[in-house]
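Residue numbers (my numbering): 98 to 320.
Structure first, commentary second.
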């Protein structure tokens, strides 16, 4: 997979022990520049520093609290959804006249399932590949984002660090779950998934519940 410049520095980690060895990965399936041990140690260190609190009420949550869906926050002329599709898919084709912004087709090596998914833009086909918020917006709302400014919530919702193209049905299955209640079915990706969630939580100073922290620690201890 290609590694886009704006993804440099993302913490990435190895696959679970006992699932075929260790494999460092980054968003979109590319190879990490970090060693396995360094990535895992980094994730453990950040997890230890996250605040642990109970989940706040969901009162007041609305998708609009995080700004319009898929804004062009980096002002590159492309909306965030298409930016992520362009980053995470292979062999993309683009709608003519859009300056390679609107992705029409491509192939996704889905990190959550391990399947190869053919993406085709269309009313009945686009949902096969969806853009997942690693930390769901509702979960973030209940763990600190209620106190943020509108601008910070919009930044969070469109931050490539918190976004991945994934299998659509699995994204729907995950919904607004945290690590205590949902993990990718592909066990080989769970270390990477947890480390990425920790990176996002550390960046935005979101807290974790005690059950969530225990689940994250359990995965990292198995890496």
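The C-beta atom is built at its ideal place from N, Cα and C for all residues, glycine as well.
First and last residue of the uninterrupted alpha helix (DSSP H) at residue i
i           : result
residue 253 : 247–254
residue 234 : 234–238
Contact set for residue i: own chain, Cβ-Cβ below 6 Å, skip 5 residues either direction
i           : result
residue 229 : 261, 263 and 268
residue 197 : 191
residue 166 : none
residue 271 : 279
residue 132 : For residue 132, the predicted structure reports a pLDDT of 42, less than 50, and the residue's modelled location is therefore unreliable. A value from the coordinates is still provided. Same-chain partners within the cutoff: there are none.
residue 255 : 168, 170 and 177
residue 227 : 265 and 268
Other residues of its chain near residue i: CB distance less than 7 Å, five sequence neighbours each side excluded
i           : result
residue 297 : 231, 232, 258 and 259
residue 210 : 264, 267, 282 and 283
residue 201 : 190, 191, 192 and 218
residue 302 : 241
residue 316 : 287, 288 and 291
residue 237 : 253 and 303
residue 250 : 162, 163, 164 and 242
residue 333 : The structure shown does not extend to residue 333, since the chain spans only 98 to 320, so no value can be given for it.
residue 312 : 276 and 277
Nearest candidate by alpha-carbon position, reference residue i, set the options
i           : options               : result
residue 171 : 164, 163, 142 and 180 : 180
residue 213 : 188, 165, 199 and 307 : 188
residue 175 : 199, 147, 301 and 164 : 199
residue 273 : 289, 312, 160 and 248 : 160
residue 239 : 313, 146, 311 and 275 : 275
residue 195 : 153, 173 and 247      : 173
residue 285 : 134, 208 and 184      : 208
residue 153 : 225, 244 and 220      : 244
Beta-carbon gap between residue i and residue j smaller than 8 Å
i           : j           : result
residue 182 : residue 203 : yes
residue 186 : residue 216 : yes
residue 295 : residue 138 : no
residue 306 : residue 151 : yes
residue 300 : residue 235 : no
residue 314 : residue 144 : yes
residue 277 : residue 252 : no
First and last residue of the uninterrupted beta strand (DSSP E) at residue i
i           : result
residue 227 : 226–230
residue 262 : 260–264
residue 217 : 213–217
residue 203 : 200–206
Cβ shell of residue i (< 8 Å), same chain only, five flanking positions each side left out
i           : result
residue 169 : 175, 176 and 177
residue 149 : 304, 305, 306, 307 and 310
* To do: Pick out the complete alpha helix (DSSP H) segments inside the stretch 130–192, 4 residues or longer, and give them in chain order.
  => Counting only unbroken stretches of 4 or more residues, the alpha helix (DSSP H) elements lying wholly within the stretch 130–192 are 133–146 and 177–185, in sequence order.
* **alpha helix (DSSP H) segments (min. 4 residues) lying fully within the stretch 272–306** => 287–301
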